[in-house]
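Numbering (the numbering used here), first residue to last: 17 to 184.
From the three backbone atoms N, C-alpha and C, an ideal C-beta is built for every residue, glycine too.
What you are looking at is a predicted structure, and each value in this text was computed from that prediction instead of being measured.
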Amino acid sequence: MMLNKALEYHTAYLLLGGNLGDREGNLKKAIELLNDKIGKVTSVSSLYETAAWGKTDQPAFLNQAVALETHLSALAVLDLALDIEQELGRVRKDKWGERLIDIDLILFGNQVINIPDKLQVPHPHMQIRKFVMEPLAEIAPDVVHPVLGETMLSICRNIEDQLEVKKL
C-alpha cells in the first residue's frame, strides 16, 4: 500500500528584467507564465528602472522581483524560466547585453546550490547589485541570506553599488 506524501513546497525568488520592446508588458507576460508553468506567484515588487550594469551602452532596464511557491526543484525552476525567456523571444548574444526578458533565480528557500556552469543559489552576485536587492528587499525584507546570514533589507541598506535604481 502506498502512502500519499504531501508535496514539499519551496519559495523561489526570481528577478525579472528587460530593456527592449515593451519592457513592462514583457515583465507582465513573464509573471503570467511563471504562475502558469512553475508555481503560484505570491508577491511581486514594484517596477524599478535601472541603468544598464556591466555593459553600459544600452537602454535602461526595468526590473521586478517575484516570489512564488513551487513543488519543483531549483533546477526545474531554472529550466522552465529559460523556456519562458525563449517563449517570450529572448535571444542570447552578449553577456550583460540587451534583452527582451531575463529571468534569474536568486533564492530558493534557504538552500545553497552549486552546480558548476548551470546553477548557483543564492545568486552569487545578488548582494553587490542594487538593482537586485532593492526589489527583493521590497517583497522579502526579513528573508535571511542562507550564506551571509543577513536579511535582504540589511544587505540592501549596506550595499555599496552606486548605480541609480529608480522605483516607478
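(1) My understanding is that E40 touches L63, with C-beta atoms under 8 angstroms, so please give their C-beta distance in whole angstroms.
(2) Where do the ends of the alpha helix (DSSP H) carrying Q102 lie?
(3) Do P75 and N126 count as a contact pair if the criterion is CB distance below 9 angstroms?
(4) Determine whether the beta carbon atoms of E101 and A46 lie at a separation below 9 angstroms.
(5) Looking only at its chain, what residues have a beta carbon closer than 7 angstroms to the beta carbon of A67, apart from the 5 residues adjacent to it on each side?
(6) Does DSSP classify N35 as helix, strand or coil?
(7) Can you give the Cα-Cα distance for R173 and Q143, rounded to whole angstroms?
(8) Pull up the CB-CB distance for L31 and A90, whole angstroms please, since I reckon it's below 8 angstroms.
(9) When burial is assigned at 16 or more other CB atoms within 10 Å of the CB, is I131 buried or exposed?
(10) What separation, rounded to the nearest whole angstrom, lies between the Cα atoms of E166 and A153?
(11) Of the residues M149, E85 and L104, which one's Cα is nearest the Cα of S61?
(12) From what residue to what residue does the alpha helix (DSSP H) around S170 run?
Checking against the coordinates, here is how it stands:
(1) Against the sequence shown, residue 40 aligns to sequence position 24. Against the sequence shown, residue 63 aligns to sequence position 47. Rounded, the Cβ-Cβ distance is 7 angstroms, consistent with contact.
(2) Within the sequence shown, residue 102 is the residue found at index 86, counting from 1. If you look at Q102, you'll find it in the alpha helix (DSSP H) that goes A90 to E103.
(3) Position 110 of the sequence shown, counted from the start, is the residue given in the question as residue 126. Position 59 of the sequence shown, counted from the start, is the residue given in the question as residue 75. Taking the C-beta atoms as reference points, P75 is found no nearer than 9 angstroms to N126.
(4) Reading the sequence shown from its first residue, position 85 is the one you call residue 101. Reading the sequence shown from its first residue, position 30 is the one you call residue 46. Going by C-beta atoms, E101 is nearer than 9 angstroms to A46.
(5) In the sequence shown, counting from the first residue as 1, residue 67 sits at position 51. Result list for A67: A76, L179 and E180, in chain order.
(6) For the purposes of this step, residue 35 is taken as the residue at position 19 of the sequence shown. Three-state DSSP puts N35 in coil, outside helix and strand.
(7) Walking along the sequence shown from the start, residue 173 turns up at place 157. Walking along the sequence shown from the start, residue 143 turns up at place 127. Straight-line Cα distance between these residues: approximately 10 angstroms.
(8) The residue you call residue 31 lines up with position 15 of the sequence shown. The residue you call residue 90 lines up with position 74 of the sequence shown. Wrong, their Cβ atoms sit about 15 angstroms apart, outside the cutoff.
(9) Working through the sequence shown from its first residue, we reach residue 131 at position 115. Answer is exposed; the Cβ neighbour count stays below 16.
(10) Start at 1 with the first residue of the sequence shown, and residue 166 comes out as number 150. Start at 1 with the first residue of the sequence shown, and residue 153 comes out as number 137. Across the structure, E166 and A153 are spaced so that their CA atoms are roughly 12 angstroms apart.
(11) Here residue 61 refers to the residue found at position 45 of the sequence shown. Answer by Cα proximity: M149.
(12) In the sequence shown, residue 170 corresponds to position 154, counting from 1. Residue range M168 to R173 is occupied by the alpha helix (DSSP H) that includes S170.
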